[in-house]
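Protein sequence lines correspond, in order, to chains V and A. When the letters of the first sequence are read in order and numbered with this note's numbering, they come out as residues 30 to 138. When the letters of the second sequence are read in order and numbered with this note's numbering, they come out as residues 23 to 260. Cβ coordinates follow ideal geometry from the N, Cα and C atoms, glycine included. Since the model is a prediction, treat every value here as computed from it, not as a measurement. Shown next, in structure tokens, is the structure this report addresses.
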Amino acid sequence: MNVRLYVLQRATAAIMVPLVLAHIALIFYATRHGLSAAEILARTRASIGWAAFYGLFVLAAATHGAIGVRTLAGEWAGIKGGRLDMLMWGFGLMLAALGLRAVAAVVLP
Amino acid sequence: MAAAIEVSIWRGKADGRYQRFMVPLHESQTVLDVVTWVQRNADPTLAYRYACRVGMCGSCAMTVNGRPRWTCRTHIAKVAAKGHVEIGPLANMPIIKDLACDMAAFFEKWQRAKGTFAPSRSRRDPIERISPTTAPRLAADAAIECINCAVCYAACDTVRWNADYVGPAALNRAWTLVNDVRDAGQGKRLAALAADGGCHACHSHQSCQEHCPKALNPIASIAGLKRRTVEAYVRGEL
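Below, the structure written as structure tokens:
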């Protein structure tokens, strides 16, 4: 962990604090009001706001998680140097791709 | 307390084993006194380190009942509640023999963390007056009494997991210099501390603070270094 990764991980954590709270509030709202999948999609499709909200969430989570996995892999699996960075990038890009694909599925018209 | 105590002492290298000795007890006897009694009376081949015997030199740290301690200031009565004491070498360093471990990497990491003073004046300049009440000096003074015993290094989980991590003692030393207004090596020091294996590798488990025999708080020093390096990074200096 160097200072650049440290700042990135803390910054993405700070970004995710309000996003996680809003996400949990949304889950409660949707379940308590008995929203169907069709009703949820009606709200999210073609919405720039939801695309930005969950797009930012996915990118922050992918960055944050990938840096954490880099630390874990170094300390618990003894992986070092370039292989460690490759693992971080691979894991982060995979998370970002899976997450953005899910966001696209609910926001694209 | 009984008139003698059973002591298990590590013998050999990493693949060694504990050997038992019966050691007579005395009033105000320290763990170091017990080890010294064994070496002088039971087995002269026992290898261990000590120098000052009064908690100044940092030579005699060992693992006592699983905890790293300075043995010259640890009374045997304090650690022998069950009539038995287990004494081994410090963790996180290669064992040379018995209770003596190889501290080369520990001190090399002090160099890596730029733990040496970089003078900003020559011997021909007048001595700079430093007020003891300024914030930087107070921060440095709070961390300055380290005796290099490596107890914090042996207690640190991150050191055990990450061989590149410079460890709490080296970072605590660096913090005293970061707060030394006379020092001219801050740029290189902050760059070294901000790299992989530097202050950001610390997980803040606080074992260093828990075990430091001098009651120092290396974790506070490391937190200070994290703030300083982040500030320098944000300003584009790193």
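Close-in-space but distant-in-sequence residues of the same chain around Leu-260(A) (CB under 8 angstroms, 5 per side omitted): Leu-212, Ala-213, Ala-216, Thr-251, Ala-254
Leu-121(A) classed as buried or exposed, judged by whether at least 16 other C-beta atoms fall within 10 angstroms: buried
By the criterion of Cβ-Cβ separation under 8 angstroms, what are the contact partners of Asp-218(A) in chain V? Met-30, Asn-31
Using a threshold of 7 angstroms, is the CB atom of Thr-198(A) nearer than that to any non-hydrogen atom of the ligand GTP? As presented, the structure is devoid of all ligands, the ligand GTP included, so that no description of it is given.
Judging by CA-CA distance, which residue of Trp-79(V), Arg-61(V), Ile-96(V), Leu-55(V) is the nearest neighbour of Ala-42(V)? Ile-96(V)
Within 8 angstroms (strictly less), CB to CB, does Val-98(V) reach chain A? no
Straight-line gap, Leu-127(V) to Arg-95(A) (C-alpha atoms, nearest Å): 58 angstroms
Would you say Val-3(V) reaches chain A, if we count a Cβ-Cβ gap shorter than 8 angstroms as a contact? Nothing about residue 3(V) can be reported from this structure: the residues present for chain V run from 30 to 138 only.
Below 8 angstroms between beta carbons: does that hold for Gly-103(V) and Leu-113(V)? yes
Which whole-angstrom value is the C-beta distance of Cys-171(A) and Trp-92(A), which I expect to be below 8 angstroms? 6 angstroms
Straight-line gap, Ser-144(A) to Arg-204(A) (C-alpha atoms, nearest Å): 11 angstroms
Could you pull out every unbroken alpha helix (DSSP H) segment of at least 4 residues lying fully inside the region 86-173 of chain A, listed in chain order? 98-101, 126-134, 157-165
Which value, in whole angstroms, describes the spacing of the CA atoms of Ile-53(V) and Gly-84(V)? 16 angstroms
Tell me which residue opens and which closes the alpha helix (DSSP H) that Arg-75(A) is part of. Here Arg-75(A) belongs to no alpha helix (DSSP H), and DSSP marks it neither H nor E.
Listing by chain order, which chain A residues have their CB less than 7 angstroms from the CB of Gly-28(V)? Here chain V has residues from 30 to 138 only, and residue 28(V) is not among them.
Going by DSSP, name the residue or residues bridged to Asp-205(A). Pro-141(A)
DSSP state of Glu-28(A), grouped into three classes? strand
Buried versus exposed call for Arg-99(V) [16 or more other C-beta atoms within 10 Å across all chains shown]: buried
Can you give me the C-alpha to C-alpha distance between Glu-130(A) and Tyr-187(A), rounded to a whole angstrom? 12 angstroms
Does the structure place the region 98-114 of chain A close enough to the region 46-65 of chain A that three or more beta carbon pairs sit under 8 angstroms? yes
Please tell me whether Ile-31(A) and Leu-68(A) are closer than 8 angstroms, where the distance is taken between their beta carbons. yes
Coarse secondary structure for Val-188(A), derived from DSSP in three states: coil
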